[in-house]
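In our numbering, the protein residues as written are 527 to 1010. One structure is given here, and the rest of the page talks about it.
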Ligand code: ADP
């Protein structure tokens, strides 16, 4: 108690010097801080200087009436507790003072103990009031903190009462449900989320079940709804907290992954079946060796295994690119030299098909390019190799290079089979190959162009294609002069 008294300021307003000084002494000995005033006016002045926690107020004073002083203290210093000092037997005055806001009263003449008990009670009262005020302030701060967190959550959140009505929801919930951001809570959950399966689940959950459910929204998104039951301390069901998570991208990735696995399996299965068939023929019981035919069968097996190896290498390249490992080794590359090397290595292939394969560089020297030379070489190897494969015997292939704006531009042009317009977008998809009379006998994996595109884009560049069936194609690669 001693310590709680120390911070308390008690103002004694009494015109009788004996009582005033006496009270001051007792209060000081109790450990309180004390201020003294000889009349009402002086008391109000003192309060203005330093608002006291407790005022001991004599009601009978010359000058400003004690009741008036009490009224002003109640009005201007509502936190201050007033203990009125009344004359003996003046119960009505005390009652009137209490009505005006006095906290307690003490009748004259009084013993020091009586004063101590009354002031201590007032100090305890002040402490309780202060504690309650702090708890309320804390609660309020906590509530607004939680409100801020709920508002800022990236996932949709709604609290649903026992009757299925939404009590609270955040902006992400409105967004997930495609609702106007100004939509207010208060309606039944089915109003906000009209999905049938979801509605059934909400009903089940209202009966006390918890769980998850996935559902598609009318605009084609996928949402995962996660429910958690809210229980009272007695374990009674109060409602549910619903969390909505947009899983559209995961769903898409999942589908793409399944499709990819199906495509890969298909691509691997058909050559393997052929190999198996050829080997069964060769190893067939009761079959006399036929050297010429056997050689042809084995050559076919070899061709198929080479194709499989190429597919698997391409797949490994793709997974390397997808995991961000492509085009990492950036260094200064002399593009003219790199292109000359690519052309030279493909000359035998082009010559075997009587095709011309040329490189045309601008008269001015190309600036040095910062890039991964190995990845870059694989890009142009792929494009030149395609140009040779998809161009008839005797065709022409030309590689040109130069600067355009902030980009290096390399075009690989042929006058070969060309590509029909409806396939122009698809040729960059994994495993897509144009199937027609002309391409029938051309071997490939359908992974070359997706790799080229991924590598070029990982360097901050882009690839474009222009093509006319039976006229030829031009694949143009743009690489930034200053890579990111
Ligand atoms: P691949 O050549 O192994 O089949 P790509 O991904 O490199 O795989 O090419 C995909 C498809 O695009 C090819 O199957 C082919 O139909 C078409 N294509 C690519 N380059 C050319 C080209 N220069 N001329 C005509 N068609 C082409």
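Yeah, the Cβ is synthetic: ideal placement off N, Cα and C, and Gly gets one too.
The three-state reading of DSSP puts residue 695 in strand, counting E and B together.
A Cβ-Cβ separation of about 20 Å leaves residue 752 out of contact with residue 779 under the 8 Å criterion.
Rounded to the nearest angstrom, the gap between the Cα atoms of residue 938 and residue 909 is 7 Å. The beta-bridge partner set that DSSP reports for residue 997 is empty. The beta carbon of residue 540 lies closer than 6 Å to those of 546 and 584 in the same chain, with the five residues before and after it left out. Between ligand 1 and residue 786, a heavy atom-to-CB distance of less than 8 Å is absent. For residue 915, the CB contacts under 6 Å within the same chain, skipping 5 residues up- and downstream, are 968 in chain order. Contiguous beta strand (DSSP E) elements confined to the stretch 854-924 occur at 857-859, 882-886 and 895-897, taking only those with 3 or more residues.
Proximity of the beta carbon of residue 796 to ligand 1 is not indicated: no heavy atom of the ligand is located closer than 8 Å. In terms of Cβ geometry, residue 600 and residue 608 form a close pair [threshold 9 Å].
According to the DSSP secondary-structure assignment, residue 1004 is paired through a beta bridge with 935 and 988. Between the alpha carbons of residue 993 and residue 999 lies a distance of about 4 Å. Three or more beta-carbon pairs separated by less than 8 Å link the stretch 972-982 to the stretch 948-961, which places the two stretches in contact. Per DSSP, reduced to three states, the secondary structure at residue 746 is coil, with no helix or strand assignment.
Distance from the CA of residue 632 to the CA of residue 644, rounded to the nearest whole angstrom, comes to 8 Å. Per DSSP, the unbroken alpha helix (DSSP H) holding residue 834 starts and ends at 817-848. Pairing residue 640 with residue 650, the inter-Cα distance amounts to about 15 Å.
Spanning the alpha carbons of residue 881 and residue 816 requires a straight line of approximately 37 Å. Residue state for residue 702 is assigned as helix, using DSSP reduced to three classes. DSSP, read as helix, strand or coil, puts residue 675 in helix. Distance from the C-beta of residue 968 to the nearest heavy atom of ligand 1 is below 8 Å. If the five residues before and after residue 903 are omitted, its C-beta is found closer than 8 Å to the C-beta atoms of 864, 867 and 868, all from its own chain and listed in chain order. The shortest CA-to-CA distance from residue 617 to any of 606, 605 and 630 is the one to 630. Judged by DSSP in its simplified three-state form, residue 575 adopts helix. Approximately 6 Å separates the beta-carbon atoms of residue 749 and residue 772; this is inside 8 Å, confirming the contact. Under the three-state reduction of DSSP, residue 926 is assigned to strand. Under the 8 Å Cβ criterion, the stretch 835-842 does not count as touching the stretch 803-810, having fewer than three qualifying pairs. Looking at the DSSP output, residue 738 shares a beta bridge with 752.
Here DSSP, grouped into helix, strand and coil, assigns residue 717 to helix.
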